[in-house]
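Here is the structure we will look at, set down as structure tokens.
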Amino acid sequence: MKKILSFDIGGTKIAFALVDEEGNLCSKPVKYSTPASKEAIEALLKKNIAQFEDEVDAVAIATAGTVNAENTHITGSVGNFPKGYGDIDFQSLSKKKVFVENDANAAAWAEFKVGNAKNMKNMVMLTLGTGVGVGIIVDGKLLKGKSGAAGETHFPIRFDNHRRCGCGNYDCLEVYMSGSALNLDAKEFYKDDNVTSYDIIKGLEKQDIKAVEVFERWQQMVCAGVRIFASIFDPEIVLLGGSMAQFINYEQMKKQVNETLVSAPIDLQKAALENDAGIIGGALLCAENIK
Ligand SMILES: [Zn+2]
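In this text, residue positions in the sequence shown follow the working numbering: the first is 3, and each later residue adds one.
Written out as structure tokens, the structure is:
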């Protein structure tokens, strides 16, 4: 059985674990805060790889940012990472094969192989975090596009230049559907910069009328996003991940989405693997790549 040392690199934390080729964690994930410079990130990866590389067949890296077709380098901008992060030569960090994939793609692959989209052929996974991570499986294959950017949510969903997106454009789906969007919605609604998505979730638990309204408006934008992906890709299932996914009303949203679809109805569920999806999916893709 092959064993992979698998990293999930995000803007706020880096996690890794040993994973076998069937997607089982062989060690408890270790977590670090993401260092503030490219050099410090490289040093952290190098140190941990050196410790385990003799025990494994390859190293997997699931990272924010679009990744090339050869699975070696980041090709697009990585917003909240230190300068130069996108230029890291990951292969230079290990004597074993290093396989790189976008974190949302890795998470989708994990759900497709061992999570809530197991035994399906077409699925979309939307991770609602700082941005929106999108992973798409079509006919059992991960959809990458010509530059690894298939599914990116940087297209406008309204046309009055209301909200600037991190990509530079206005009113991308991402700035209305992401976890951070709920935070912006809260500040706008209360006209108070100190109100956060955390306050909305607290209010939701107490059934505070205003908090419920803010949350439901945001949930409608998530629903709009699900509709877009369900219409384009006609998947058996759409999964939602990220910390906000637990608060979604799945039955209500599924009904709403299916009311407008012209295709057979889709299923809509919360992703199963939570924080380990990137680590597991990266390892599974890597194991297939070195077969
Ligand atoms: Zn954008």
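Ideal Cβ positions, reconstructed from N, Cα and C, are used throughout, including at glycine.
Exercise. Of all the alpha helix (DSSP H) runs that stay within the bounds of the segment 35-106, which reach a length of 4 or more residues?
Worked result: The segment 35-106 contains these whole alpha helix (DSSP H) runs: 40-54.
Exercise. Do three or more CB pairs link the segment 184-193 to the segment 142-154 at distances below 8 Å?
Worked result: Segments in contact, no.
Problem set entry | Cβ-based burial, I234 [other Cβ within 10 Å; buried from 16] | I234 should be labelled exposed.
Exercise. What residue does the beta strand (DSSP E) around M246 start on, and which one ends it?
Worked result: Where M246 is concerned, there is no enclosing beta strand (DSSP E), given that its DSSP letter is neither H nor E.
Problem set entry | Helix, strand or coil at M223 [DSSP, three-state] | Per DSSP, reduced to three states, the secondary structure at M223 is helical.
Exercise. Say the cut is 7 Å; is the CB of E41 nearer than that to a heavy atom of ligand 1?
Worked result: Every heavy atom of ligand 1 is 7 Å or more from the Cβ of E41, so no.
For this session: Quick one: residues in its chain with C-beta nearer than 6 Å to the C-beta of A106, no 5 flanking neighbours on either side, listed in chain order?
Result: These residues qualify, in order along the chain: T129, G135, V136 and G137.
Exercise. Taking 7 Å as the cut-off, does the CB of H75 come closer than this to any heavy atom belonging to ligand 1?
Worked result: No; taking the cut-off as 7 Å, the Cβ of H75 has no heavy atom of ligand 1 nearer than that.
Exercise. In whole angstroms, what is the alpha-carbon distance linking E253 and N260?
Worked result: Near 11 Å, if we compare the C-alpha coordinates of N260 and E253.
Problem set entry | Inter-stretch contact at 8 Å, needing at least 3 Cβ pairs: the segment 12-19 / the segment 33-47 | Touching, yes.
Problem set entry | Bounding residues of the beta strand (DSSP E) (the contiguous stretch that carries T129) | For T129, the enclosing beta strand (DSSP E) stretches over residues M125 to L130.
For this session: Tell me, please, which residues DSSP counts as bridged to D278.
Result: In the DSSP output, where bridge partners are listed per residue, D278 has none listed.
Exercise. Roughly how many angstroms lie between the CA atoms of G205 and L275, to the nearest whole one?
Worked result: Distance between the alpha carbons of G205 and L275 is about 27 Å.
Exercise. With which residues is G135 paired in a DSSP beta bridge?
Worked result: DSSP output for G135 lists T129 as bridge partner(s).
Exercise. In three-state terms, what does DSSP make of L263?
Worked result: DSSP places L263 in coil when its eight states are reduced to three.
Exercise. Does DSSP classify D269 as helix, strand or coil?
Worked result: Residue state, collapsed to three classes: strand.
Exercise. Expressed to the nearest angstrom, what Euclidean distance is found between the alpha-carbon atoms of A226 and L175?
Worked result: In this structure, the CA atom of A226 is about 9 Å from the CA atom of L175.
Exercise. In whole angstroms, what separates the C-alpha of G2 from that of K256?
Worked result: This structure cannot settle anything about residue 2, because the visible part of the chain is limited to 3 through 293.
For this session: Pick out the complete alpha helix (DSSP H) segments inside the segment 181-221, 4 residues or longer, and give them in chain order.
Result: Fully enclosed alpha helix (DSSP H) runs of 4 or longer: 181-192 and 199-207.
Exercise. If you measure from the CB of N82, is any heavy atom of ligand 1 nearer than 7 Å?
Worked result: No, ligand 1 has no heavy atom inside 7 Å of this Cβ.
For this session: May I ask you to report which of helix, strand or coil DSSP gives S8?
Result: Note: S8 maps to strand in three-state DSSP.
Problem set entry | First and last residue of the uninterrupted beta strand (DSSP E) at K15 | Its beta strand (DSSP E) spans residues K15 to D22.
Problem set entry | Status (buried if at least 16 other CB within 10 Å, exposed otherwise) for M2 | The chain is shown from 3 up to 293; residue 2 falls before or after that span and cannot be answered.
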